[in-house]
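Numbering (full-length UniProt numbering), first residue to last: 1 to 283.
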DNA sequence: AACATTGACAACCGCGTATTA
DNA sequence: GTAATACGCGGTTGTCAATGT
């Protein structure tokens, strides 16, 4: 079964979006919301664009509440820490940084932050998942060059089988990792969840999903030998409280106001302690 | 002034997964 | 149970403005 393209490419516009297109998309979503299906949206909104392209434009550029200002040192720090823990799971990282999108962070990481860190001699180690990905890519490249096209189908079947086995191996490894570092994943839970109790679904590297609630995290942390897990959890809760506050630290227009109030002092204090604890754990 | 290089960011593409029929 | 479809993610490429030569 060949996968069809997400949409017919014929007659569809590509490249930069015009103001008129932005307006059409914004107006449509304002009226009907995001949940009406991206595929059918362009036609309904009068756009000659692929639904995928519309989604991307909305999510990364037009959506209200996006922070398009320069990255603050706090955000830099947060990104580096989360990258160390999660690798290039940009959407998860973005979920912890209000107003920033995965694309934003990914671009910033690739164009600025990584260079900055290299210059400082603080280049982060390649994350486990990244190393695995890289190896798989290299292997794939080698294998594909050797595959005899006549036997392509057979090889595909074989690879499919191998993938299943590999998937199981990854799952085993993830499970082991969680056992070894009980809360490495916990830091990936979005701060901006509306229910605000850390209940969230989390996409794993292999694409599987898991969900954890704060109570589960808390109770499991009590069973761990890591003495500071509870403390980290508490700090995270405080940070979340502060981030969900109207005077969110990462909204630049509110920064001045924020800098002057007590919450900011508290945030800095808790933030400092939080990263100390995370550092101890992630090293 | 003209061209080359670099940096930042927007957008595209392909893949994996979830959902639907 | 399976194929078709839709969505979301991460890697990569394209574009354009700023800067250097």
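Virtual Cβ for every residue (Gly too), placed ideally from N, Cα, C.
By the neighbour-count criterion, in which a residue is buried when 16 or more other Cβ atoms sit within 10 angstroms of its Cβ, residue 83 is buried.
Look at the beta carbons and you see the segment 65 to 82 touching the segment 94 to 103: at least three pairs across the two are nearer than 8 Å. Just so you know, the alpha carbons of residue 30 and residue 93 end up roughly 27 Å apart. Here residue 42 is buried, its C-beta having at least 16 other C-beta atoms within 10 Å.
Beta-carbon to beta-carbon, residue 45 and residue 23 are separated by about 10 Å, too far to satisfy the 8 Å threshold. Here the alpha carbons of residue 59 and residue 77 stand approximately 24 Å from one another. Taking the Cα positions, residue 21 is about 32 Å away from residue 113.
Counting of Cβ neighbours within 10 angstroms places residue 40 among the exposed residues, the total staying below 16.
Inter-residue distance for residue 85 and residue 49 is about 37 Å (C-alpha atoms, whole angstroms).
Closest option to residue 37, judged by alpha-carbon separation, among 51, 27 and 47: 51.
In the three-state DSSP reduction, residue 122 falls in the coil class, being neither helix nor strand. Straight through space, the alpha carbons of residue 90 and residue 18 are spaced by roughly 27 Å. When C-alpha distances from residue 14 are compared across 54, 66 and 105, the shortest belongs to 54.
Straight across, the Cα-Cα distance linking residue 96 with residue 116 is about 21 Å.
In this structure, residue 62 sits away from residue 111, with a CB-CB distance that is not shorter than 8 Å.
For residue 54, the uninterrupted alpha helix (DSSP H) run begins and ends at 51 to 57, by DSSP.
The DSSP assignment places complete alpha helix (DSSP H) segments of no fewer than 4 residues inside the segment 79 to 126 at 90 to 95, 102 to 108 and 114 to 119, in order along the chain.
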